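Chains A and B are the protein sequences, given in the same order.
First residue of the first sequence? That's 383 in my numbering, and the numbers climb one at a time after it.
First residue of the second sequence? That's 137 in my numbering, and the numbers climb one at a time after it.
We put the CB at the ideal spot given by N, CA and C, even for glycine.
Keep in mind the model is a prediction, meaning the values are calculated, not measured.
Below: one structure, written as structure tokens.
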Amino acid sequence: MLAIYRKEMRSYFINPIGYIYLGIFLAFSALLCCYTTIVSATYSTSQYFIFLVFALIIMIPLLTMRLFAEEKKLRTEQLLLTAPVTLTGMVLGKYFAALTMYVAGVLISCINFLPLYIIGASESALEDGSKLTQIGPITGQIVGGVIAIILLGAALIAVGTFISALTENQLSAAVITVGVIAAMVLLSVVNMLTDSDGQPIIANYVIRYVIDWVSVLSRFNAFVNGIFDFAALLYYASLAFVFLFLTVRVYDKRRWG
Amino acid sequence: MIKIEHLVKNYGNHCAVDDISFEVESGEIVGFLGPNGAGKSTTMNILTGYLSSTSGKAMIAGIDILRDPLGAKKLIGYLPEQPPLYLDMTVEEYLNFNYELKGCKLDRKSHLEEVCETVKIRDVYHRVIRTLSKGYRQRVGIAQALVGNPKVIIFDEPTVGLDPKQIIEIRNLIRGLGKDHTVILSTHILQEVQAVCDRIVIINKGKIVANEKTENISHVVENNRRFNVKIAGPQKEVLAALHGLSGIAYAEALAERDGDACSYMIESEPGSDIRKKLFYMLAERSWPLVGMEALGMNLEDIFISVVERSEETRAAAVTARQRTARRGRRDRAVLERSLGETLYEDAKRQRAEASATVTEEEDED
């Protein structure tokens, strides 16, 4: 497993894809952070994290499209499948490599919050010492947001890994992954849509409840507001587990084909 | 070392491997011979744990590949039909990755050096695999199979697409490996197994047709009955004489010419050596024999002869005879066509000669 993990990490940086991913992710998150906080004159980062989720629709496939599709095309999977490595080990090795890249991107992008702290510090200095209200970003909210985006990403990477194992072509893996993740994310947007009277478009409460339960975004909000939602953690973890399990099954099934 | 018992593999309704069983002793080099689609690769893929069998058992050193896949896979080095190379890695990175993947315990530096020395890829060690030629890629693939010094090495068509010099090098390499490894290699080239293997397993349509020591198969192969002869003499008469000679199953004229000699393909009846008889017959009529070349048997012929030999039931003999009869008719058709060609060629030459004489005459005028 470790060998496969290391190989995947190396291949992210032998190929331009690792650099492209980090570059786009960092540039986009910086731009987003600037517009949602500084330009909007707010210290709240909740908007930033919500918008970042939509960026993931494009970013996650960049990480996952190669994982299995490329191995299948080059026939190198034969090497992995005949090596003394379990299928689970192989899938997890690849999954954790993609996850590492993702988490690295998210953590590096935390420097985006630095300007907020600096502005916050200079503004509280102007308030000549009155300590009644705290001026500046709320660290708890930021930490919650980072945890949430990592959890959500972990689940979506598992989805992308699964789709990559089903296809033989990087491009089709990427396109399908974009579609599936977009559907998962936009499902909750449907719930938020309202008509001109301010009534939700989907009037039936039961349908809204089900969509809300399935949607990956609805569980995101608590974190973004600085509340650690254990149920959501469990939700994202089990989503990741289910798709990784399915990926292993895909390979197991193929052997019996 | 390797034991396969009643192995069956079905793909839907198609049966790729149909109840095959064989054993390979430790230190043996076994050649897996068969036409494309005979089930060679499938058997090898099952043996290496890439595919699962529908039923039956495959054991490596007593370990069932289905029961304990990791234990069995540790003992195997496998070079699939298409070498599984990561084109964007250097040879060094690739071999190091394999070293880690196989959980190798040997000293990394000296072991990888030894492997590179064996397959002679030292000079490309730091190059990216994408930039290597086919021969070098194949060797890197072999190096990959050797990493970890596995007891069993399996090569699936290791010499396909290589130039003759590389083929010989790789064959020598495999023969060298046979000293302290058990090797299975698959091929559809007969000379290859003859040159390299101790034992030959011939497989056709998912079934084992023969499983013999190489010497025994070679005996069948070398007992040649087909010759390409060059005889100087009038073609039609020579051909008629050849047909008349007892012991010749059939003869045909080939379009090829060598001066005033024509080429003929003849096949003797089983069990009779017609070479001397042919010589005396030709000498009697003063048609010089200017060349004689034994034609190798192709795989199909070997299948037929092997089947004829191994299945001594009457039914098998009958089908074999029918097959020969059918071939006889086909050969006659070929013969007639080539005769036609010869006549046409003759006519053309005569016309050319005639026109040449005409021009000469005109020149003289």
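Within chain B, the residues that residue i reaches when beta carbons sit closer than 9 Å
i: residue 556 of chain A; result: The contacting residues do not exist; residue 556 of chain A stays about 18 Å from chain B at best.
i: residue 638 of chain A; result: 187, 188, 190
i: residue 393 of chain A; result: 222, 224, 225
i: residue 388 of chain A; result: 233, 236
Burial state of residue i (16 or more Cβ within 10 Å)
i: residue 581 of chain A; result: exposed
i: residue 384 of chain A; result: exposed
i: residue 390 of chain A; result: buried
i: residue 643 of chain A; result: Residue 643 of chain A cannot be examined here, being either before or after the span of chain A that is shown, 383 to 639.
i: residue 635 of chain A; result: exposed
i: residue 208 of chain B; result: buried
i: residue 317 of chain B; result: buried
i: residue 591 of chain A; result: exposed
i: residue 424 of chain B; result: exposed
i: residue 275 of chain B; result: buried
i: residue 563 of chain A; result: buried
i: residue 366 of chain B; result: buried
i: residue 304 of chain B; result: exposed
i: residue 273 of chain B; result: buried
i: residue 406 of chain B; result: exposed
i: residue 503 of chain A; result: exposed
i: residue 502 of chain B; result: Outside the shown range of chain B (137 to 501) lies residue 502 of chain B, about which nothing can therefore be said.
i: residue 161 of chain B; result: exposed
Whole-number beta carbon distance between residue j and residue i, since they are thought to touch under 8 Å
i: residue 400 of chain B; j: residue 390 of chain B; result: 6 Å
i: residue 414 of chain A; j: residue 434 of chain A; result: 6 Å
i: residue 368 of chain B; j: residue 397 of chain B; result: 4 Å
i: residue 288 of chain B; j: residue 138 of chain B; result: 6 Å
i: residue 418 of chain A; j: residue 519 of chain A; result: That belief does not hold up - the Cβ atoms of residue 418 of chain A and residue 519 of chain A are roughly 12 Å apart, past 8 Å.
i: residue 142 of chain B; j: residue 192 of chain B; result: 4 Å
i: residue 605 of chain A; j: residue 527 of chain A; result: 6 Å
i: residue 183 of chain B; j: residue 201 of chain B; result: 7 Å
i: residue 215 of chain B; j: residue 294 of chain B; result: 6 Å
i: residue 127 of chain B; j: residue 211 of chain B; result: One cannot answer for residue 127 of chain B here, as it falls past the ends of chain B, which runs 137 to 501.
i: residue 319 of chain B; j: residue 165 of chain B; result: 4 Å
Coil, strand or helix - residue i by DSSP
i: residue 332 of chain B; result: helix
i: residue 425 of chain B; result: strand
i: residue 383 of chain A; result: coil
i: residue 217 of chain B; result: coil
i: residue 609 of chain A; result: coil
i: residue 84 of chain B; result: For chain B, the structure presents residues 137 to 501; residue 84 of chain B sits outside this window and is missing.
i: residue 154 of chain B; result: strand
i: residue 582 of chain A; result: strand
i: residue 192 of chain B; result: strand
i: residue 392 of chain B; result: strand
i: residue 462 of chain B; result: Because residue 462 of chain B carries a pLDDT of 47, less than 50, the predicted location of this residue cannot be relied on, and the following value inherits that uncertainty. Helix.
i: residue 550 of chain A; result: coil
i: residue 283 of chain B; result: coil
i: residue 256 of chain B; result: coil
i: residue 201 of chain B; result: coil
i: residue 452 of chain B; result: Note that residue 452 of chain B scores 47 on pLDDT, short of 50, meaning its location in the model is unreliable and no value can be drawn from it.
i: residue 379 of chain B; result: helix
i: residue 292 of chain B; result: strand
i: residue 425 of chain A; result: coil
i: residue 321 of chain B; result: strand
i: residue 266 of chain B; result: helix
i: residue 408 of chain B; result: coil
Closer than 8 Å at the beta carbon, the chain B residues around residue i
i: residue 631 of chain A; result: By Cβ distance, chain B contributes nothing, its closest Cβ being about 14 Å from residue 631 of chain A, past 8 Å.
i: residue 456 of chain A; result: 220, 221, 222, 223
Where residue i meets chain A, residues with beta-carbon distance less than 7 Å
i: residue 210 of chain B; result: 466
i: residue 214 of chain B; result: 464
i: residue 363 of chain B; result: Those within 7 Å of residue 363 of chain B in chain A number zero; the least Cβ separation is about 44 Å.
i: residue 502 of chain B; result: There is no way to answer for residue 502 of chain B, as the model of chain B reaches only from 137 to 501.
Under 8 Å from the C-beta of residue i: neighbouring residues of chain A
i: residue 206 of chain B; result: 466, 467, 468
Cross-chain neighbours of residue i in chain B, by beta carbon under 7 Å
i: residue 635 of chain A; result: The premise fails here: residue 635 of chain A is roughly 10 Å from chain B at the closest Cβ pair, so nothing lies under 7 Å.
i: residue 402 of chain A; result: Those within 7 Å of residue 402 of chain A in chain B number zero; the least Cβ separation is about 15 Å.
i: residue 397 of chain A; result: 224
i: residue 385 of chain A; result: 233, 236, 237
Beta carbon proximity, residue i to chain C, threshold 8 Å
i: residue 388 of chain A; result: You won't find chain C in this structure, because its protein chains are A and B.
Distance cut-off 7 Å: residue i Cβ against heavy atoms of the ligand NAP
i: residue 551 of chain A; result: As for the ligand NAP, it is missing from this structure, which has no ligand bound.
Point to revise | Interface positions of the stretch 463-485 of chain A facing chain B (Cβ-Cβ less than 9 Å), listed along the chain | key: 463, 464, 465, 466, 467, 468
Check your understanding: Can you list, in chain order, the residues of the stretch 542-573 of chain A whose Cβ is nearer than 8 Å to any Cβ on chain B?
Key -> none
Review point. Can you list, in chain order, the residues of the stretch 174-188 of chain B whose Cβ is nearer than 7 Å to any Cβ on chain A?
Key: 184, 185, 186, 187, 188
Point to revise | Where the stretch 238-250 of chain B meets chain A: residues whose CB sits under 8 Å from a CB there | key: 238, 239
Exercise for review: For the stretch 429-463 of chain A, enumerate the residues whose C-beta is nearer than 8 Å to any C-beta of chain B, in chain order.
Suggested key: 456, 457, 458, 459, 460, 461, 462, 463
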